[in-house]
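Novice:
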Amino acid sequence: MNDLELLVQSATEAFVAAATPADLENAKARFLGKSGSLTELLKGMGALSVEDKKTRGAAINQAKQQVEAALTARRQALADDELALQLRAESLDVSLPGRRRGEGGLHPVSLTLERMEAIFGSMGFAVADGPEIETDWFNFTALNTPEDHPARSMHDTFYVEGGNLLRTHTSPMQVRYAVQHVKQHAEAVGRGERIPEIRVIAPGRTYRVDSDATHSPMFHQCEGLWIGEAVSFTDLKAVFADFFRNFFETDDLDIRFRPSFFPFTEPSAEVDIAFASGPLKGRWLEVGGSGQVHPNVVRNFGLDPEKYIGFAFGLGPDRLTMLRYGVNDLRLFYEGDLRFLSQFQ
Ligand code: FA5
Numbered sequence: 056m057n058d059l060e061l062l063v064q065s066a067t068e069a070f071v072a073a074a075t076p077a078d079l080e081n082a083k084a085r086f087l088g089k090s091g092s093l094t095e096l097l098k099g100m101g102a103l104s105v106e107d108k109k110t111r112g113a114a115i116n117q118a119k120q121q122v123e124a125a126l127t128a129r130r131q132a133l134a135d136d137e138l139a140l141q142l143r144a145e146s147l148d149v150s151l152p153g154r155r156r157g158e159g160g161l162h163p164v165s166l167t168l169e170r171m172e173a174i175f176g177s178m179g180f181a182v183a184d185g186p187e188i189e190t191d192w193f194n195f196t197a198l199n200t201p202e203d204h205p206a207r208s209m210h211d212t213f214y215v216e217g218g219n220l221l222r223t224h225t226s227p228m229q230v231r232y233a234v235q236h237v238k239q240h241a242e243a244v245g246r247g248e249r250i251p252e253i254r255v256i257a258p259g260r261t262y263r264v265d266s267d268a269t270h271s272p273m274f275h276q277c278e279g280l281w282i283g284e285a286v287s288f289t290d291l292k293a294v295f296a297d298f299f300r301n302f303f304e305t306d307d308l309d310i311r312f313r314p315s316f317f318p319f320t321e322p323s324a325e326v327d328i329a330f331a332s333g334p335l336k337g338r339w340l341e342v343g344g345s346g347q348v349h350p351n352v353v354r355n356f357g358l359d360p361e362k363y364i365g366f367a368f369g370l371g372p373d374r375l376t377m378l379r380y381g382v383n384d385l386r387l388f389y390e391g392d393l394r395f396l397s398q399f400q
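The opening residue of the sequence shown carries number 56 in our numbering; numbering runs sequentially from there.
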């Protein structure tokens, strides 16, 4: 290998060894700079003959071109590396899934309430809503509940300032709705004429000082009221039969009335149901209270109990939800645990 070939080789190696553009510029200076090896060789040509100058000059020029080509290649390689690094640092993974908005759904008890409204609605029941903070009159007195009834005690009822209370049942809606209905037909009532039947349900939240696996301090009830001139217990039983069979989507279901007591109905009955098949087969399950509306309450509606008669009922939608989905602890509905609640979507 002659001196020029050696020089090209060591320049190429020096360039390849340069790890940064600054290193590369230093290496370039060593070969191509003002006092670099190649420049020195060119300077030394002055002493040569014309003939030698020609051949030596051409050889040096060729070596210089090779060194410059090696330099350009290394510059390009370093620039490519830097670009690759930058691209990697600034890269955006467009295949990452986007942040989706969580999908909401109805609470299982709300699903039950919607179902109840649809089924009773198909039987001609209107749907009414009313206040959860009630007066003593609507919650107790108008419903024929005596002063010393245990439901009125502080142990059972949440009282708020000013003597009002959180309603302990949806029954006050019987009076609120009926009074409004009678007011709407006041002229006909005054003339002693027949007024349209009252047929309504009033689902909503209710409150009691209660807490265990089947009782919650806040729970739901669905009141029902049907008042006319000849509405009887037979109608009540038919309404329940239709409702429960639709609600539980089975005809294999028995209903029984168990004699009971409520101040606002006479006679009164607890409503029990029993499934003929499934995991609850043969067990009687209490689902609500009912009865023929007491004459004193009919009077508080503004109607003559000699002419108007009918029934009322109060069902427990939380209880119905537990039975429908096979949940054994009511408190699960109110703990806000999405792992539990999202199962019902
Ligand atoms: C009443 O509240 C009456 N107002 C029902 C009624 C209406 C009778 C109209 C006659 C005519 P009772 O206290 O039994 O009745 O409650 C009715 C239903 O509410 C119960 O069967 C039960 O399913 C539900 N319930 C009562 N307390 C709770 C509670 N703390 N947690 C969950 N559900 C409850």
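Don't be surprised by glycine CBs; every beta carbon is placed ideally from N, CA and C.
1. Quick one: complete alpha helix (DSSP H) runs, 4+ long, within the stretch 292-357?
2. For L126 versus L87, is the C-beta distance shorter than 9 Å?
3. Assuming G344 and F366 are in contact, meaning their beta carbons sit under 8 Å apart, how far apart are those beta carbons, in whole angstroms?
4. Using alpha carbons as the reference points, say which of D184, Q131 and V342 lies closest to V71.
5. When the Cα atoms are used, what is the spatial distance from N57 to E80?
6. Exposed or buried, D309, counting other C-beta atoms within 10 Å across all chains shown (16 or more means buried)?
7. At a cut-off of 8 Å, is G185 close to the ligand FA5 when judged by its beta-carbon and the heavy atoms of the ligand?
8. Taking DSSP as the reference, what is the three-state secondary structure of E261?
9. Tell me the rounded alpha-carbon separation between H240 and E390.
10. When the Cα of A183 is compared with those of G247, L358, D267 and H236, which residue comes out closest?
11. Pair every Cβ in the stretch 193-205 with every Cβ in the stretch 216-234, then say whether three or more of these pairs are closer than 8 Å.
12. Where does F213 sit, in a helix, a strand or coil, going by DSSP?
13. Please tell me whether M178 and V342 are closer than 9 Å, where the distance is taken between their beta carbons.
14. Residues in its own chain within less than 6 Å of R311 by CB, not counting five upstream and five downstream?
15. Do L168 and P258 count as a contact pair if the criterion is CB distance below 9 Å?
16. For K362, which of P205, R249, L133 and E145 has the nearest alpha-carbon?
17. Hey, quick one: how far does the alpha helix (DSSP H) through A268 stretch, first residue to last?
18. Taking only three categories from DSSP, how would you classify L147?
19. If contact is defined by three or more beta carbon pairs under 8 Å, each pair taking one atom from either stretch, is the stretch 270-285 in contact with the stretch 366-383?
20. Is I250 helix, strand or coil by DSSP?
21. Are there 16 or more other CB atoms within 10 angstroms of the CB of S208, so buried, or fewer, so exposed?
Specialist: Walking through what the data contain:
1. The qualifying runs are 350-356.
2. L126 is a Cβ neighbour of L87, given a cutoff of 9 Å.
3. About 11 Å separates the two Cβ atoms, so there is no contact after all.
4. Looking only at D184, Q131 and V342, the smallest Cα-Cα distance to V71 is reached by Q131.
5. Rounded to whole angstroms, N57 to E80 spans 26 Å at the Cα level.
6. With fewer than 16 other beta carbons inside 10 angstroms of its own, D309 counts as exposed.
7. For the ligand FA5, not one heavy atom lies less than 8 Å from the Cβ of G185.
8. Note that residue 261 corresponds to Thr in the displayed sequence, not to Glu. For T261, the secondary structure class from DSSP, reduced to helix, strand or coil, is strand.
9. Near 45 Å, if we compare the C-alpha coordinates of E390 and H240.
10. If we check each option's Cα against that of A183, H236 comes out closest.
11. Under the Cβ criterion (8 Å, minimum of three pairs), the stretch 193-205 counts as touching the stretch 216-234.
12. F213 falls in the coil class under three-state DSSP.
13. For M178 and V342, no; Cβs fall outside 9 Å.
14. Counting only Cβ-Cβ distances below 6 Å, and skipping sequence neighbours, we find D327.
15. Yes. Within cutoff.
16. The shortest Cα separation from K362 among P205, R249, L133 and E145 belongs to R249.
17. Run containing A268: none; DSSP gives neither H nor E here.
18. Secondary structure of L147 (DSSP, three-state): coil.
19. Result yes; three or more Cβ-Cβ pairs closer than 8 Å.
20. Coil at I250, not helix or strand.
21. Classification of S208: exposed, given that the 10 Å Cβ count is below 16.
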